[in-house]
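According to this note's numbering, the sequence shown is numbered sequentially starting from 265.
We put the CB at the ideal spot given by N, CA and C, even for glycine.
See structure below.
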Amino acid sequence: MRRRSILVSGIVQGVGFRPFVFKLASQLNLCGFVRNRAGNVLIEVEGAETQLDLFLEQLTHRAPPLADIDKISWQRIPACDDNHFQIFESESAPHATVLISPDVSMCDDCRDELFNPSDRRYRYPFLNCTNCGPRLTIIRAAPYDRLNTTMSGYQMCKRCRREYDDPADRRFHAQPNACPECGPQLRLLDPSGQPVATQNPLAKFCDTIAAGQIGAMKGLGGYHLICLASNDQAVAELRRRKHRYEKPLAIMVRDSNAAAKLCKFDHGERSLLESSRRPIVLLRKRTQTQQVSDAVAPQMPMLGVMLPYTPLHELLLDSVGNEPLVMTSGNRSDEPIAYDDADAVARLTGIADQFLVHDRPIHIRCDDSVTRIIDGAESPLRRSRGYAPQSIRLPMQPDLPILAVGGQLKGAFALVRETVDDCATALLSHHMGDLDHLDALEAFRRDIDLYQQLFDIQPQVIACDSHPDYGSTTYAVDRAERESIRLIRVQHHHAHLASCMVEHQLDGDVIGVIFDGSGLGSDNTIWGGEFLVGGYASVERAGHLRPVRLPGGDQATKEPWRMAVSHMIDAGLDAEFERDQISNDAIRVVRQMIERGFHSPWTSSVGRLFDAVAAIIGLRHRVSYEAQAAIELESLAMEADSDESYRLECLDQSGTSHPFQIDTRALIRCVVEDRERRVATNMIARRFHLSLAEMVQDSCRRIRGTSGLNRVVLSGGVFMNASLSEMAAARLQQSQFEVFRHHVVPPGDGGLCLGQLAIAAHVSHV
Ligand code: ZN
Ligand code: ZN
Ligand code: FE
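This is the structure we're talking about:
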């Protein structure tokens, strides 16, 4: 008889790992025990040598679906003649990161029960098991035990308790375990929040939806607003009440077969759609479908689609005859999603005709995640429910616990504790919306506190953007001063570069192609079309777009025609628009602002170049949501195919000026010429994309010539654009570059916190 002590780390708690170990050991006739210790699982097994080897092998290969094993280490220890295998209670230990699983969509076993009339949980909206159900959204404190969740107020009935205590049951230690007898229930409220007496709240709610009205439903991480996706009036009314006039809405459909009727998708997109994370996946619309109103995603070739992820969603779709439903966050425009019951009713009164609520509290709000496939791989656009708080390993070892607070738009933060066992794990928060709303900023503060408590991390260093006016920066500055801890300001595009490096565990120096809307540069102008060279320690600006004026600052972001004027003037052209869509007076005012430099900072932004081109070709002069013009320009480009591109020449052919500038004037002249020649707008859009991709290739070759660097990271919000990402990556690969894109965090500002964290970890360690 031999005995081994085995330590397993990763996401191994709250995912059915101990019962799995119990079953495996029993099958192999091994004795010993398994227990949670700090964030890890400790196993001792005793038996024949060959059986022990087999045990180790199967530990990885047959692990439960939600487990995510980082590392298994083991050693021999003296045998002690156990005669059976046991599961022990958790052993608590300070100073270790307990990893918490994201929320998980309903599993097949639970779905079978849900629709089985003879099951005791038939049509019970809150069933779950060890392999599925709420996690992050209901947890109040670590470790993940029922008493630490929002289910603590519910006493399990005898039958539920028996399942919970039985290691052979698939509900062994399923913390939110519940049944109709002992668990949460649904209730229906009228538009003013008063309870409506009914035997069947769900059926009544669905009648409202089917009749073309708008419902608010409490889901997993917050409230959703819901209406029939096929009903033009309902969708228009929802948009009107929510003050969301053009931004695409997401829909929920029964399964991927139903999705295939509306959209085209490949194998990768299908598995993303069906994954237990259940994100909203951007898919290409089929042209003719009556099932989804044009008002859902007007003028977009893509549609955001998700599948049901809770039993309540399954029942909802079932009760409306499996009609596709619009499911959008319960809020007005860009506010954070409503999750607290009283607050939700208060905020959604006037929007919802009825509320379907339940009494399982949501502790941590979590919006739906949004993702797409670019070049065959996942590229997250919004990382939230189903993904948060999943961690990522840092390629460096911080000496102190660090908090990184991210940017202003697409708020998100990251935390890491000091290195233990040569391993530093960064925790990434859910998405918190734009921090210019007071509500969002409050939510941001509260959720940082929650994560610190949950993961028991007290930061000694805070990293933030170098922009002084970001809400996150103000928070960081105040806090650093109040708590007398170190503050590290990180330049915006440096953080983008580092975030992509961390994803790929890169070290040393790389070329960073960082394209986004705006970020404060080290020369106090607004950057966004940057070629950087460097790594975590520092970066140098190797090249950038030729700066132009941003007339009116933020106002120019909302009115792309202003950027068109700026670029046309820069190119020595008369600022004119098709059919006089912008008045001469307005153009004159902006021209004066540009000439006098009044309230018109310099910018090298690629995002704003997209705006300028969109406005010049008459596609869009004003936007109602961030990056709308760029998104529409990409959509146009997807329709055309052309191998011609415009030229983007560098100013100096000698290659001596540093940093080099990329001249956009020739490109602007060609776009204007094409417009005058009545070239189809989709062709112009396509050529524009191609010329940017070629410019990326040329610039990187030039940088390689002087630096010898061959690795390129693509980051910044502009790389949410699939066409540009694919074209740029393909051209770089043609030139034998190694190209790295984002697959874990968004390329946009939602991913900034990870880069800030890595830079601060590097700097504070040195
Ligand atoms: Zn389940
Ligand atoms: Zn029960
Ligand atoms: Fe950015």
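| query | result |
| --- | --- |
| If you measure between the beta carbons of L900 and T945, is that distance less than 8 Å? | yes |
| Can you tell me whether K506 is buried or exposed, with buried defined as 16 or more other CB within 10 angstroms of its CB? | buried |
| Note the first and the last residue of the continuous alpha helix (DSSP H) segment covering G532. | H531 to E538 |
| Closer than 7 Å from C-beta to any heavy atom of ligand 2: which residues, in chain order? | M420, C421, R423, C424, A442, C443, E445, C446 and G447 |
| Which residues in the same chain have their Cβ closer than 8 Å to the Cβ of L378, if we skip the five residues on either side of it in sequence? | M370, R385, Y386, R387, Y388, L391, P575, E578 and L579 |
| Please work out which residues of its chain come closer than 7 Å, Cβ to Cβ, to M991, disregarding the five sequence neighbours upstream and downstream, and give them in chain order. | H953, L954 and A957 |
| Looking at the secondary structure, which residues open and close the beta strand (DSSP E) in which M591 lies? | L589 to S593 |
| With burial defined as no fewer than 16 other Cβ atoms inside 10 Å of the residue's Cβ, what is the status of V766: buried or exposed? | buried |
| Give me the residue from A442, R629, D383 and R266 with the minimum Cα distance to D346. | R266 |
| Once the 5 residues before and after P644 are set aside, which same chain residues still bring their CB inside 6 Å of it? | T635 and P1010 |
| Would you mind working out which of N380, R826, G776 and I275 sits nearest L363, comparing C-alpha positions? | I275 |
| Between the beta-carbon of L330 and the beta-carbon of V279, is there less than 8 Å? | yes |
| What does the Cβ neighbour count give for L411, buried or exposed, with the cut at 16 atoms within 10 Å? | exposed |
| Say the cut is 7 Å; is the CB of D1031 nearer than that to a heavy atom of ligand 3? | Outside the shown range of the chain, which is 265 to 1030, sits residue 1031, and nothing can be said about it. |
| Beta-carbon separation of N807 and F795 under 8 Å? | Rather than Asn, the amino acid found at residue 807 in this sequence is Gly. It is a contact, given that the beta carbons lie within the stated cut-off. |
| What residues sit near ligand 3, counting only those whose C-beta is closer than 5 Å to one of its heavy atoms, in chain order? | D780, G783 and D1013 |
| Could you check whether S520 and L571 sit closer than 8 Å to each other, using their CB atoms as the reference points? | yes |
| Would you mind listing the alpha helix (DSSP H) stretches within the stretch 638-711 that are 4+ residues and don't spill past its ends, in chain order? | none |
| By a C-beta neighbour count over all protein chains shown, 10 Å radius and 16 as the cutoff for buried, is T970 buried or exposed? | exposed |
| For Q856, count neighbouring C-beta atoms within 10 Å of its own C-beta (all shown protein chains included) and say buried if the count is 16 or more, exposed if not. | exposed |
| Going by DSSP in three states, P459 sits in which element: helix, strand or coil? | strand |
| According to DSSP, is L1021 helix, strand or coil? | helix |
| Look at the alpha carbon of V545 and the alpha carbon of L567, and state the distance between them as a whole number of angstroms. | 8 Å |
| When we look at the beta-carbon of Y603 and count the other beta-carbons within 10 Å, is it buried (16 or more) or exposed? | buried |
| Can you give the Cα-Cα distance for G485 and P366, rounded to whole angstroms? | 11 Å |
| In terms of alpha-carbon separation, which member of Q819, E642 and N788 lies closest to N985? | E642 |
| In chain order, what are the residue ranges of uninterrupted beta strand (DSSP E) at least 3 long that sit wholly in the stretch 343-419? | 349-351 |
| Tell me the residue span of the alpha helix (DSSP H) that contains I851. | N848 to R860 |
| Would you kindly check if the distance between the Cβ of A879 and the Cβ of P824 is under 8 Å? | yes |
| Kindly indicate which three-state DSSP category G277 falls into: helix, strand or coil? | Contrary to the premise, residue 277 reads as Gln rather than Gly in this sequence. Coil, per DSSP. |
| Would the C-beta of D373 count as close to ligand 1, meaning under 7 Å from any of its heavy atoms? | yes |
| Is there contact here, the stretch 310-328 with the stretch 422-440, by at least three beta-carbon pairs under 8 Å? | no |
| Return helix, strand or coil for M265, following the three-state DSSP convention. | coil |
| Buried or exposed: which applies to Y509, given that a residue is buried once 16 or more other Cβ atoms fall within 10 Å of its Cβ? | exposed |
| Could you compute how far the alpha carbon of A820 sits from the alpha carbon of C964? | 30 Å |
| Could you check where the alpha helix (DSSP H) with Y739 kicks off and where it finishes? | G735 to R746 |
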